[in-house]
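These notes concern the structure reproduced below.
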Amino acid sequence: MAVLPPDPIFCFKGDMGHIHSLCFPKNNQNETTKLLAATEEGFVYFWNLETNRLHYKQKMGHSIQSIHSINNNVIIQEKSGLIQMFSVEEAAYTAQKSYQCEGGFCKSILLNDSCLIVPQEKSTVDVVDLSTMEKLYRLCLGEDVKVGALMCLETYKKEGTDYLLGGYETGDVILWDLSTTKKISQVKLKDHITSLTFDAQNSRGICGNASNILEIFNIDRDFKMAPKCEVTLTNDGCNVVRLRPDKKVFVVAGWDGKIRVNSWKTMRALVVLNEHKGGVTDVQFSPDIVNYWHNNIFAASGSDGRISLWNLYN
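According to full-length UniProt numbering, the sequence shown is numbered sequentially starting from 1.
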(Lines of atoms letter the chains of each structure in order from A and count residues from 1; the text may use other names and numbers.)
(Lines give C-alpha, C1' and ligand atoms only; values in the text may rest on other atoms or scores of the structure.)
Protein backbone atom coordinates (compact mmCIF):
# COMPACT_ATOMS: atom_id res chain seq x y z
CA MET A 1 0.00 0.00 0.00
CA ALA A 2 1.31 3.48 -0.89
CA VAL A 3 2.56 5.61 1.99
CA LEU A 4 0.52 8.79 2.34
CA PRO A 5 2.40 12.10 2.53
CA PRO A 6 2.66 13.61 6.02
CA ASP A 7 0.35 16.34 7.24
CA PRO A 8 1.71 19.69 8.42
CA ILE A 9 2.36 19.88 12.13
CA PHE A 10 0.42 23.15 12.25
CA CYS A 11 -1.18 25.81 10.02
CA PHE A 12 -1.50 29.54 10.65
CA LYS A 13 -4.58 31.06 9.03
CA GLY A 14 -6.54 34.21 9.81
CA ASP A 15 -6.87 37.36 7.70
CA MET A 16 -3.40 37.48 6.14
CA GLY A 17 -4.40 37.24 2.48
CA HIS A 18 -1.64 36.76 -0.09
CA ILE A 19 1.68 36.19 1.74
CA HIS A 20 4.89 37.02 -0.10
CA SER A 21 7.70 36.38 2.38
CA LEU A 22 8.58 34.63 5.65
CA CYS A 23 11.37 35.12 8.17
CA PHE A 24 12.51 33.24 11.28
CA PRO A 25 14.23 35.85 13.50
CA LYS A 26 17.46 34.66 15.11
CA ASN A 27 18.23 35.11 18.79
CA ASN A 28 21.02 34.27 21.24
CA GLN A 29 19.13 31.44 22.94
CA ASN A 30 19.73 28.72 20.31
CA GLU A 31 16.00 28.35 19.77
CA THR A 32 13.51 29.69 17.25
CA THR A 33 10.53 31.36 18.88
CA LYS A 34 8.93 33.59 16.22
CA LEU A 35 7.91 33.60 12.58
CA LEU A 36 7.28 36.80 10.62
CA ALA A 37 5.03 36.94 7.55
CA ALA A 38 4.83 39.84 5.07
CA THR A 39 1.73 40.28 2.94
CA GLU A 40 0.40 41.88 -0.23
CA GLU A 41 -1.69 44.27 1.89
CA GLY A 42 1.49 45.56 3.57
CA PHE A 43 0.98 43.98 7.00
CA VAL A 44 3.64 42.09 8.94
CA TYR A 45 2.33 39.28 11.16
CA PHE A 46 4.36 38.15 14.19
CA TRP A 47 3.52 34.51 15.00
CA ASN A 48 4.57 33.09 18.36
CA LEU A 49 5.98 29.58 17.91
CA GLU A 50 5.80 28.86 21.64
CA THR A 51 2.01 29.24 21.69
CA ASN A 52 1.21 28.90 17.96
CA ARG A 53 -0.81 32.08 18.17
CA LEU A 54 -0.64 35.51 16.58
CA HIS A 55 1.41 37.79 18.84
CA TYR A 56 1.17 41.06 16.93
CA LYS A 57 0.53 42.58 13.51
CA GLN A 58 1.33 45.97 12.07
CA LYS A 59 0.92 47.80 8.78
CA MET A 60 4.48 48.48 7.56
CA GLY A 61 4.13 49.19 3.86
CA HIS A 62 2.47 48.22 0.59
CA SER A 63 2.88 44.87 -1.20
CA ILE A 64 5.83 43.70 0.90
CA GLN A 65 7.88 41.31 -1.23
CA SER A 66 10.62 40.46 1.28
CA ILE A 67 11.16 40.64 5.03
CA HIS A 68 14.23 40.26 7.27
CA SER A 69 14.90 40.57 11.00
CA ILE A 70 18.24 41.65 12.51
CA ASN A 71 18.80 42.47 16.20
CA ASN A 72 15.07 42.99 16.78
CA ASN A 73 14.86 45.34 13.79
CA VAL A 74 12.56 44.50 10.89
CA ILE A 75 13.54 45.25 7.28
CA ILE A 76 10.88 45.22 4.58
CA GLN A 77 11.10 45.56 0.79
CA GLU A 78 8.06 46.78 -1.09
CA LYS A 79 7.16 45.94 -4.69
CA SER A 80 7.79 49.63 -5.46
CA GLY A 81 11.45 49.16 -4.46
CA LEU A 82 11.20 51.06 -1.18
CA ILE A 83 13.20 49.39 1.60
CA GLN A 84 12.60 50.42 5.21
CA MET A 85 14.13 49.45 8.55
CA PHE A 86 11.77 49.44 11.54
CA SER A 87 12.77 49.53 15.23
CA VAL A 88 10.63 49.09 18.33
CA GLU A 89 9.57 52.34 19.98
CA GLU A 90 6.90 52.49 22.68
CA ALA A 91 5.41 49.05 21.93
CA ALA A 92 5.21 49.62 18.16
CA TYR A 93 7.59 49.49 15.22
CA THR A 94 8.67 52.83 13.73
CA ALA A 95 10.46 53.35 10.41
CA GLN A 96 13.99 54.62 11.02
CA LYS A 97 15.89 54.39 7.73
CA SER A 98 15.06 53.77 4.09
CA TYR A 99 16.64 52.98 0.73
CA GLN A 100 15.28 52.90 -2.81
CA CYS A 101 16.01 49.95 -5.10
CA GLU A 102 14.50 48.74 -8.36
CA GLY A 103 10.86 47.79 -8.04
CA GLY A 104 9.64 44.34 -8.96
CA PHE A 105 9.63 40.80 -7.64
CA CYS A 106 13.33 40.07 -6.97
CA LYS A 107 13.67 39.58 -3.21
CA SER A 108 16.52 41.21 -1.31
CA ILE A 109 18.86 38.96 0.70
CA LEU A 110 21.14 39.44 3.70
CA LEU A 111 24.94 39.23 3.58
CA ASN A 112 26.56 38.23 6.90
CA ASP A 113 23.75 40.01 8.79
CA SER A 114 25.49 43.34 8.13
CA CYS A 115 24.54 44.15 4.54
CA LEU A 116 21.48 43.90 2.34
CA ILE A 117 21.80 42.93 -1.34
CA VAL A 118 19.09 44.45 -3.53
CA PRO A 119 18.14 44.62 -7.23
CA GLN A 120 18.83 47.92 -8.95
CA GLU A 121 18.13 49.54 -12.31
CA LYS A 122 19.65 48.30 -15.60
CA SER A 123 20.29 44.76 -14.28
CA THR A 124 22.69 46.01 -11.59
CA VAL A 125 22.90 45.03 -7.92
CA ASP A 126 23.46 47.25 -4.86
CA VAL A 127 25.13 46.13 -1.63
CA VAL A 128 23.76 48.26 1.23
CA ASP A 129 25.25 48.79 4.70
CA LEU A 130 22.47 48.06 7.20
CA SER A 131 24.00 50.27 9.91
CA THR A 132 23.62 53.38 7.76
CA MET A 133 21.24 52.14 5.03
CA GLU A 134 23.65 53.58 2.45
CA LYS A 135 25.12 51.95 -0.65
CA LEU A 136 28.55 50.38 -0.19
CA TYR A 137 29.03 49.52 -3.86
CA ARG A 138 27.19 48.59 -7.05
CA LEU A 139 27.75 45.48 -9.17
CA CYS A 140 27.50 46.32 -12.88
CA LEU A 141 27.51 44.24 -16.05
CA GLY A 142 28.39 46.78 -18.72
CA GLU A 143 26.24 48.63 -21.23
CA ASP A 144 26.47 45.87 -23.85
CA VAL A 145 25.17 43.09 -21.58
CA LYS A 146 21.44 42.46 -22.08
CA VAL A 147 20.06 40.00 -19.53
CA GLY A 148 16.73 41.58 -18.61
CA ALA A 149 15.42 42.03 -15.09
CA LEU A 150 17.12 40.51 -12.07
CA MET A 151 14.82 37.77 -10.73
CA CYS A 152 16.63 36.17 -7.76
CA LEU A 153 19.78 36.36 -5.63
CA GLU A 154 21.87 33.89 -3.62
CA THR A 155 25.13 34.28 -1.67
CA TYR A 156 27.65 31.67 -0.63
CA LYS A 157 31.03 31.61 1.07
CA LYS A 158 34.04 29.66 -0.20
CA GLU A 159 37.44 29.69 1.54
CA GLY A 160 36.55 32.87 3.40
CA THR A 161 35.36 34.81 0.35
CA ASP A 162 31.77 35.87 -0.27
CA TYR A 163 30.25 35.26 -3.71
CA LEU A 164 26.93 36.33 -5.21
CA LEU A 165 24.80 34.53 -7.79
CA GLY A 166 22.15 36.46 -9.70
CA GLY A 167 19.46 34.85 -11.86
CA TYR A 168 18.10 36.95 -14.72
CA GLU A 169 15.01 37.11 -16.90
CA THR A 170 16.92 35.79 -19.95
CA GLY A 171 17.99 32.66 -18.06
CA ASP A 172 21.52 33.90 -17.43
CA VAL A 173 23.10 33.16 -14.05
CA ILE A 174 25.96 35.51 -13.21
CA LEU A 175 28.60 35.03 -10.50
CA TRP A 176 30.34 37.92 -8.71
CA ASP A 177 33.29 37.90 -6.32
CA LEU A 178 32.15 40.33 -3.62
CA SER A 179 35.72 40.92 -2.38
CA THR A 180 36.61 42.51 -5.74
CA THR A 181 33.07 43.45 -6.90
CA LYS A 182 33.93 41.83 -10.25
CA LYS A 183 31.84 39.49 -12.39
CA ILE A 184 33.83 36.27 -12.73
CA SER A 185 31.53 33.84 -14.53
CA GLN A 186 28.23 33.36 -16.36
CA VAL A 187 26.07 30.51 -17.67
CA LYS A 188 22.94 30.50 -19.83
CA LEU A 189 20.01 28.37 -18.63
CA LYS A 190 16.27 28.41 -19.40
CA ASP A 191 14.47 31.76 -19.60
CA HIS A 192 12.47 33.30 -16.76
CA ILE A 193 14.48 32.06 -13.79
CA THR A 194 12.42 32.53 -10.63
CA SER A 195 14.64 31.11 -7.87
CA LEU A 196 18.06 29.61 -7.26
CA THR A 197 19.98 27.98 -4.44
CA PHE A 198 23.60 26.87 -4.17
CA ASP A 199 25.60 24.27 -2.24
CA ALA A 200 29.12 25.67 -1.75
CA GLN A 201 30.48 22.41 -0.35
CA ASN A 202 29.66 20.51 -3.53
CA SER A 203 29.90 23.55 -5.86
CA ARG A 204 26.48 22.73 -7.26
CA GLY A 205 23.36 24.84 -7.64
CA ILE A 206 19.79 24.49 -8.84
CA CYS A 207 17.49 26.95 -10.62
CA GLY A 208 13.71 27.03 -10.84
CA ASN A 209 11.86 28.84 -13.60
CA ALA A 210 8.48 29.26 -15.28
CA SER A 211 8.67 25.82 -16.94
CA ASN A 212 8.45 22.34 -15.41
CA ILE A 213 12.23 21.86 -15.64
CA LEU A 214 14.67 22.46 -12.78
CA GLU A 215 18.24 22.98 -13.96
CA ILE A 216 21.29 21.93 -11.98
CA PHE A 217 24.64 23.62 -12.65
CA ASN A 218 28.23 23.29 -11.44
CA ILE A 219 30.99 25.80 -10.70
CA ASP A 220 34.49 24.34 -11.03
CA ARG A 221 37.73 25.44 -9.32
CA ASP A 222 38.38 27.97 -12.07
CA PHE A 223 34.86 29.41 -11.57
CA LYS A 224 33.63 28.10 -14.91
CA MET A 225 29.88 27.50 -14.74
CA ALA A 226 28.17 24.74 -16.72
CA PRO A 227 24.78 22.97 -16.80
CA LYS A 228 24.88 19.51 -15.22
CA CYS A 229 21.43 17.88 -15.42
CA GLU A 230 17.70 18.52 -15.25
CA VAL A 231 14.82 17.48 -13.01
CA THR A 232 11.34 17.33 -14.55
CA LEU A 233 8.30 18.37 -12.51
CA THR A 234 4.67 17.43 -13.14
CA ASN A 235 3.45 21.00 -13.63
CA ASP A 236 4.91 24.29 -14.83
CA GLY A 237 6.10 27.01 -12.48
CA CYS A 238 8.47 27.14 -9.51
CA ASN A 239 8.30 30.07 -7.10
CA VAL A 240 11.02 28.90 -4.72
CA VAL A 241 13.72 26.25 -4.63
CA ARG A 242 15.49 25.92 -1.29
CA LEU A 243 18.20 23.61 0.05
CA ARG A 244 17.74 22.36 3.59
CA PRO A 245 20.72 23.53 5.70
CA ASP A 246 22.04 19.96 6.10
CA LYS A 247 22.19 19.69 2.27
CA LYS A 248 20.34 16.35 2.23
CA VAL A 249 17.15 17.49 0.52
CA PHE A 250 15.83 20.44 -1.45
CA VAL A 251 12.30 21.82 -1.48
CA VAL A 252 10.46 23.13 -4.54
CA ALA A 253 7.50 25.47 -4.04
CA GLY A 254 5.21 25.32 -7.05
CA TRP A 255 2.67 27.55 -8.73
CA ASP A 256 0.30 24.58 -8.39
CA GLY A 257 0.31 24.78 -4.58
CA LYS A 258 2.45 21.67 -4.11
CA ILE A 259 5.65 21.45 -2.06
CA ARG A 260 7.99 18.86 -3.56
CA VAL A 261 10.84 17.41 -1.51
CA ASN A 262 13.72 15.80 -3.43
CA SER A 263 17.00 14.16 -2.48
CA TRP A 264 19.93 16.49 -3.18
CA LYS A 265 22.23 13.52 -3.74
CA THR A 266 20.12 11.57 -6.24
CA MET A 267 17.57 14.24 -7.27
CA ARG A 268 14.88 11.60 -6.68
CA ALA A 269 11.45 12.80 -5.58
CA LEU A 270 10.81 11.84 -1.95
CA VAL A 271 7.41 13.30 -1.14
CA VAL A 272 4.84 15.80 -2.41
CA LEU A 273 3.10 17.89 0.26
CA ASN A 274 -0.43 19.04 -0.54
CA GLU A 275 -1.67 21.68 1.87
CA HIS A 276 -2.01 24.93 -0.07
CA LYS A 277 -4.84 25.84 -2.43
CA GLY A 278 -2.86 28.49 -4.32
CA GLY A 279 0.76 28.99 -5.33
CA VAL A 280 3.38 28.47 -2.61
CA THR A 281 5.22 31.79 -2.32
CA ASP A 282 8.05 31.19 0.15
CA VAL A 283 9.81 28.43 2.10
CA GLN A 284 12.09 29.06 5.08
CA PHE A 285 13.92 26.67 7.41
CA SER A 286 14.17 27.52 11.10
CA PRO A 287 17.77 28.34 12.12
CA ASP A 288 17.35 26.55 15.47
CA ILE A 289 15.07 24.10 17.23
CA VAL A 290 11.47 25.11 17.89
CA ASN A 291 10.92 23.87 21.44
CA TYR A 292 7.20 23.32 20.98
CA TRP A 293 7.97 20.73 18.28
CA HIS A 294 11.30 19.52 19.75
CA ASN A 295 12.97 19.91 16.35
CA ASN A 296 13.88 22.22 13.53
CA ILE A 297 10.98 22.89 11.16
CA PHE A 298 10.29 24.61 7.89
CA ALA A 299 7.50 27.02 7.06
CA ALA A 300 5.75 27.53 3.72
CA SER A 301 3.51 30.46 2.80
CA GLY A 302 0.89 30.68 0.10
CA SER A 303 -1.25 32.98 -1.98
CA ASP A 304 -4.14 31.33 -0.11
CA GLY A 305 -3.28 33.25 3.08
CA ARG A 306 -2.03 30.19 4.95
CA ILE A 307 1.31 29.27 6.51
CA SER A 308 2.04 25.57 6.91
CA LEU A 309 4.65 24.24 9.35
CA TRP A 310 6.45 20.98 8.61
CA ASN A 311 8.82 18.62 10.40
CA LEU A 312 10.65 16.44 7.88
CA TYR A 313 13.79 15.88 9.92
CA ASN A 314 12.77 12.46 11.23
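For each residue, glycine too, the CB sits at the ideal point set by N, CA and C.
Please work out which residues of its chain come closer than 7 Å, Cβ to Cβ, to Y137, disregarding the five sequence neighbours upstream and downstream, and give them in chain order.
Indexing the sequence shown from 1 puts residue 137 at position 137. Taken in chain order, the residues that qualify are V127 and T181.
Given 8 Å, three or more beta-carbon pairs between the region 173-191 and the region 78-98
Three or more beta-carbon pairs separated by less than 8 Å are not found between the region 173-191 and the region 78-98, which leaves the two stretches without contact.
Take I213 and list the residues in its own chain whose beta-carbon comes closer than 8 Å to its own, dropping the five residues that flank it on each side.
Numbered from 1 along the sequence shown, position 213 holds the residue referred to as residue 213. Here the set comprises K190, E230, V231, T232 and L233.
Below 6 Å CB to CB, which residues in the same chain sit around N291 once its five sequence neighbours on both sides are set aside?
The residue given as residue 291 occupies position 291 in the sequence shown. Taken in chain order, the residues that qualify are E31.
Please determine whether the Cβ atom of M151 lies at a distance below 6 Å from any heavy atom of the ligand FMN.
The ligand content of the structure shown is nil, which means the ligand FMN is not present either.
Taking one C-beta from the region 146-166 and one from the region 195-202 each time, how about it: are there three or more such pairs within less than 8 Å?
Segment contact: the region 146-166 against the region 195-202, three or more CB-CB distances shorter than 8 Å; contact assigned.
Top-ranked residue by Cα proximity to G17, from A38, M267 and L54:
Your numbering for residue 17 matches position 17 in the sequence shown. Of the candidates A38, M267 and L54, the one whose C-alpha sits nearest the C-alpha of G17 is A38.
Helix, strand or coil: how does DSSP classify S179 here?
The sequence position of residue 179 within the sequence shown is 179, counting from 1. Coil, per DSSP.
Contact between the region 216-226 and the region 238-254 (3+ Cβ pairs under 8 Å):
Under the three-pair Cβ rule at 8 Å, the region 216-226 does not count as touching the region 238-254.
So S66 packs on K107, CB below 8 Å; how close in whole Å?
In the sequence shown, the residue the question calls residue 66 occupies position 66. In the sequence shown, the residue the question calls residue 107 occupies position 107. Confirmed, Cβ separation roughly 4 Å.
Cutoff 8 Å; reference N235; Cβ partners in own chain excluding five residues on either side
Walking along the sequence shown from the start, residue 235 turns up at place 235. If we look at N235 and ignore the five residues flanking it on each side, its Cβ neighbours are N212, G254, W255, D256 and K258.
Starting from R260 and walking both ways along the beta strand (DSSP E), at which residues does that stretch end?
For the purposes of this step, residue 260 is taken as residue 260 along the sequence shown, with counting starting at 1. Judged by DSSP secondary structure, R260 falls within the beta strand (DSSP E) whose first and last residues are K258 to S263.
Rounded Cβ spacing between I297 and S308 (contact assumed at less than 8 Å):
The residue you call residue 297 lines up with position 297 of the sequence shown. The residue you call residue 308 lines up with position 308 of the sequence shown. In this structure I297 is not in contact with S308, their Cβ atoms being roughly 10 Å apart against a cut-off of 8 Å.
Buried or exposed: P6, going by 16 or more other Cβ atoms within 10 Å of its Cβ?
As a first step, residue 6 must be located in the sequence shown, where it is residue number 6. The residue is exposed, with fewer than 16 neighbouring Cβ atoms inside 10 Å.
When we look at the beta-carbon of R53 and count the other beta-carbons within 10 Å, is it buried (16 or more) or exposed?
Counting from 1 along the sequence shown, the entry for residue 53 is found at position 53. Under a 10 Å Cβ-count criterion, R53 is classified as exposed, with fewer than 16 other Cβ atoms of the shown protein chains found around its own Cβ.
Could you have a look at Y292 and say whether DSSP puts it in helix, strand or coil?
Here residue 292 corresponds to residue number 292 of the sequence shown, with the count starting at 1. When secondary structure is reduced to three states using DSSP, Y292 falls in the coil class, being assigned neither helix nor strand.
The beta strand (DSSP E) that contains K20, what's its start and end?
Along the sequence shown, read from residue 1 onward, the residue named residue 20 stands at position 20. Per the sequence shown, residue 20 should be read as His rather than Lys. H20 -> beta strand (DSSP E) spans I19 to C23.
Complete beta strand (DSSP E) runs within the region 181-215 (minimum length 3 residues, chain order):
Correct list: 182-188, 193-199 and 204-209.
Given a cut-off of 7 Å on the beta-carbon distance, is the pair S195 and G205 in contact?
By one-based count along the sequence shown, residue 195 stands at place 195. By one-based count along the sequence shown, residue 205 stands at place 205. Their beta carbons are not under 7 Å apart, which means S195 does not touch G205 by this criterion.
If I follow the unbroken beta strand (DSSP E) through F86, where does it start and stop?
The count along the sequence shown starts at 1 and reaches residue 86 at position 86. Here the beta strand (DSSP E) through F86 covers L82 to E89.
In whole angstroms, give me the CA-to-CA distance for N262 and S179.
Residue numbering aside, residue 262 sits at position 262 when the sequence shown is read from its first letter. Residue numbering aside, residue 179 sits at position 179 when the sequence shown is read from its first letter. For N262 and S179, the distance between alpha carbons rounds to 33 Å.
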